[in-house]
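K.L.:
Residue numbers (this note's numbering), protein chains in the order written: chain A, 63 to 317; chain B, 63 to 317.
Glycine included, C-beta positions come from ideal geometry on N, C-alpha and C.
A quick note: this is a predicted structure, and the numbers were derived from the prediction, not measured.
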DNA sequence: CCATCTTTGTGCACGCGTTCACAAAGACAT
DNA sequence: ATGTCTTTGTGAACGCGTGCACAAAGATGG
Ligand SMILES: NC(=O)c1ccc[n+]([C@@H]2O[C@H](COP(=O)([O-])OP(=O)(O)OC[C@H]3O[C@@H](n4cnc5c(N)ncnc54)[C@H](O)[C@@H]3O)[C@@H](O)[C@H]2O)c1
Ligand SMILES: NC(=O)c1ccc[n+]([C@@H]2O[C@H](COP(=O)([O-])OP(=O)(O)OC[C@H]3O[C@@H](n4cnc5c(N)ncnc54)[C@H](O)[C@@H]3O)[C@@H](O)[C@H]2O)c1
């Protein structure tokens, strides 16, 4: 998972568990695909397969939204698309600003999947004066001096941060002060925000490191054939002779 | 959370819980920053604050790695950097290929934070013949015809998919067949992989939808002053009169 | 060497999330 | 109308993750 929420304790939002909320977009995507193929109804089993989850989980998730679905038949695709969209707040338009129009920010600005779900790129903001006025993805980049005005004029409540790590917290502070209450952060930093502001982060580096961890485990298991004891092959090897097959980085040892 | 794992049930990998593994990179980042400032030791309290987590959680996380840390003092920064790096498999070099060098793929290729943790971009692969040979971030793009050979020649086990959604599954299948066992997927699709292959996904659209959900809740609460009953303001409103303040999408109703 | 003070490591309890398994609901055929 | 068959919705059990709270460990000062 490339994410993690901040603040807002375990206050189940109106009764819909956070884990369920995180899956709703997944269901919505699968349902939209079915809708485009004019499929009228789906069973929980089919839809679960398409979304890559357990069917019991899917049914429980939907049960938090209400009793849509007909026993013996399944769920009405169009109706469910509407209900989930409404629950996620996608029946309204969400203006979004992107701050930091570098490699990543420009890619995000060019991303088509943005607009497809009610999100509209209201403005692109960068601190580089050389970029001001230059169009990216058809939208002229604006200077960060005008950040507050841009937020307020467009009624923006969702901000995307794609600046270097060092600039992320100051930018975040300005966004929040200007009225932004939801932030998607691509910079590799922990953002501190007041209560009531949601932060989600996407960190490529963290994802790769998690993959590397599992990759290392797979390589360390070394079982060409079937059932080898998966764990407990080595217990508390502490240090020494645990390196991969390749070379190793000389390590700094403690006092 | 922008992620979600696939397959591999709840098999706690060698005793380190998945949730802990996901936080190790966070600790590592904070520790690296301390190391650069030549800070010799940190307490769990300080480090937890820097990583944005609870200090008890941090201590429990570290306890899975072993008893590094000195009571009354804290943790030796350099030592901990090494131990976490080793646990995550970052003491070895991980060649990575990126498939789909469009807006996003190019941004990823240009991303400096890639190399900083033992990940090396071994190759860039695209299906567009016009891109073949063209350097992106100093690395010439190779045609996807040679995908299998590239994977094998470089001993690549981690692949990044940044192609359009429709191409993701076929690309994934080829990567896996060629020997890749860890995939980071940016395309908005559920990938199906054999057992033993790890998939993590990053989906911008899902993140925004989750933010929109909470944003809608905040807007719906409408409490200019202090303590209003957070939930149970409306119970089971089913349909009708639940739309946002703005316009609403005409919905298709079921039979 | 002893006392004090800081900070770790963890036992324990609790709550959330997942999954199983099944009764109830309803479609559909006869 | 009645029976059968499919599929939902959910009660209950279980396991994982989180956070509290505290005893043990060890540093530090006298
Ligand atoms: N490129 C990637 O694939 C990638 C992947 C993961 C994370 N990231 C992170 O995303 C961020 C951006 O990456 P990038 O490759 O686009 O970097 P970049 O250097 O290409 O772009 C950063 C942009 O932010 C602008 N900027 C700097 N300070 C600013 C400020 N105070 N206000 C507004 N704009 C400001 C710069 O002018 C520049 O245009 C970095 O934090 C990076 O670590 C990037
Ligand atoms: N741009 C973003 O910010 C962003 C954000 C989130 C998700 N995504 C997703 O990431 C993916 C890439 O986005 P993008 O904006 O870079 O798109 P893009 O169209 O700019 O780039 C896609 C690239 O993939 C290449 N390609 C197509 N089929 C291929 C194949 N079979 N093998 C190898 N290469 C192939 C194309 O030639 C092209 O260069 C999409 O699935 C998109 O939905 C993008």
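1) List the residues that DSSP assigns as beta-bridge partners of residue 205 (chain A).
2) Identify the contact partners of residue 280 (chain A) in chain B, using a Cβ-Cβ distance below 8 Å as the criterion.
3) With residue 137 (chain A) and residue 103 (chain A) assumed to form a contact (beta carbons below 8 Å), what rounded beta-carbon distance in angstroms separates them?
4) Which runs of the beta strand (DSSP E), 3 residues or longer, sit entirely within the stretch 102-187 of chain A?
5) Is residue 194 (chain A) close to chain B, meaning its C-beta is less than 8 Å from at least one C-beta of that chain?
6) In terms of residues, what are the limits of the beta strand (DSSP E) holding residue 253 (chain A)?
7) Could you name the residues of chain A that residue 83 (chain B) contacts, counting a contact when the two beta carbons are closer than 7 Å?
8) Given 8 Å as the limit, is there contact between the stretch 117-137 of chain B and the stretch 250-262 of chain A, that is, 3 or more CB pairs closer than that?
9) My understanding is that residue 139 (chain B) touches residue 178 (chain B), with C-beta atoms under 8 Å, so please give their C-beta distance in whole angstroms.
10) Whose Cβ in chain B lies nearer than 9 Å to the Cβ of residue 173 (chain A)?
11) What's the C-alpha gap between residue 255 (chain B) and residue 114 (chain A)?
12) Which residues of chain A have a Cβ atom closer than 8 Å to the Cβ of residue 93 (chain B), listed in chain order?
13) Which same chain residues, not among the five before or five after residue 224 (chain A), have their C-beta less than 8 Å away from its C-beta?
14) Can residue 77 (chain B) and residue 144 (chain B) be called in contact, C-beta distance under 8 Å?
15) Please classify residue 269 (chain B) as buried or exposed, where buried requires at least 16 neighbouring CB atoms within 10 angstroms.
16) Put residue 260 (chain A) into one of helix, strand or coil per three-state DSSP.
17) Indicate the three-state DSSP secondary structure (helix, strand or coil) for residue 218 (chain A) in the structure shown.
18) Would you check whether ligand 2 has a heavy atom nearer than 7 Å to the C-beta of residue 235 (chain B)?
19) Under 7 Å from any heavy atom of ligand 2, does the C-beta of residue 167 (chain B) make it?
20) Are the beta-carbon atoms belonging to residue 109 (chain B) and residue 141 (chain B) less than 8 Å from one another?
21) Kindly indicate which three-state DSSP category residue 242 (chain B) falls into: helix, strand or coil?
22) Could you give the C-beta distance for residue 186 (chain A) and residue 86 (chain A), rounded to a whole number, given that I count them as a contact under 8 Å?
23) Report the residue from A:116, A:274, A:146 and A:111 whose alpha carbon sits nearest the alpha carbon of residue 128 (chain A).
24) Only counting the same chain, and skipping five residues up and downstream in sequence, which positions put a Cβ closer than 6 Å to that of residue 220 (chain B)?
25) Which residues in chain B sit within 8 Å of residue 179 (chain A), going by Cβ to Cβ distance?
26) Beta carbon of residue 234 (chain B), beta carbon of residue 253 (chain B): below 8 Å?
27) May I ask you to list, following chain order, the residues of the stretch 217-244 of chain A that have a beta carbon less than 7 Å from some beta carbon of chain B?
P.N.:
In short, the structure shows the following:
1) A:188
2) 243 and 258
3) 6 Å
4) 156-161
5) no
6) Segment: none, residue 253 (chain A) is in no beta strand (DSSP E) and carries neither H nor E.
7) 272 and 275
8) no
9) At roughly 17 Å, the Cβ-Cβ gap does not stay under 8 Å, so residue 139 (chain B) and residue 178 (chain B) are not in contact.
10) 165, 166, 266 and 267
11) 11 Å
12) Ordered by position in chain A, no residue passes the 8 Å Cβ test against residue 93 (chain B), which lies about 12 Å from the chain.
13) 160, 161, 162, 163, 164, 166, 167, 170, 248 and 249
14) no
15) buried
16) strand
17) coil
18) no
19) yes
20) no
21) coil
22) About 28 Å; that fails the 8 Å criterion.
23) A:146
24) 156, 158 and 244
25) 267, 270 and 271
26) yes
27) 219, 220, 243 and 244
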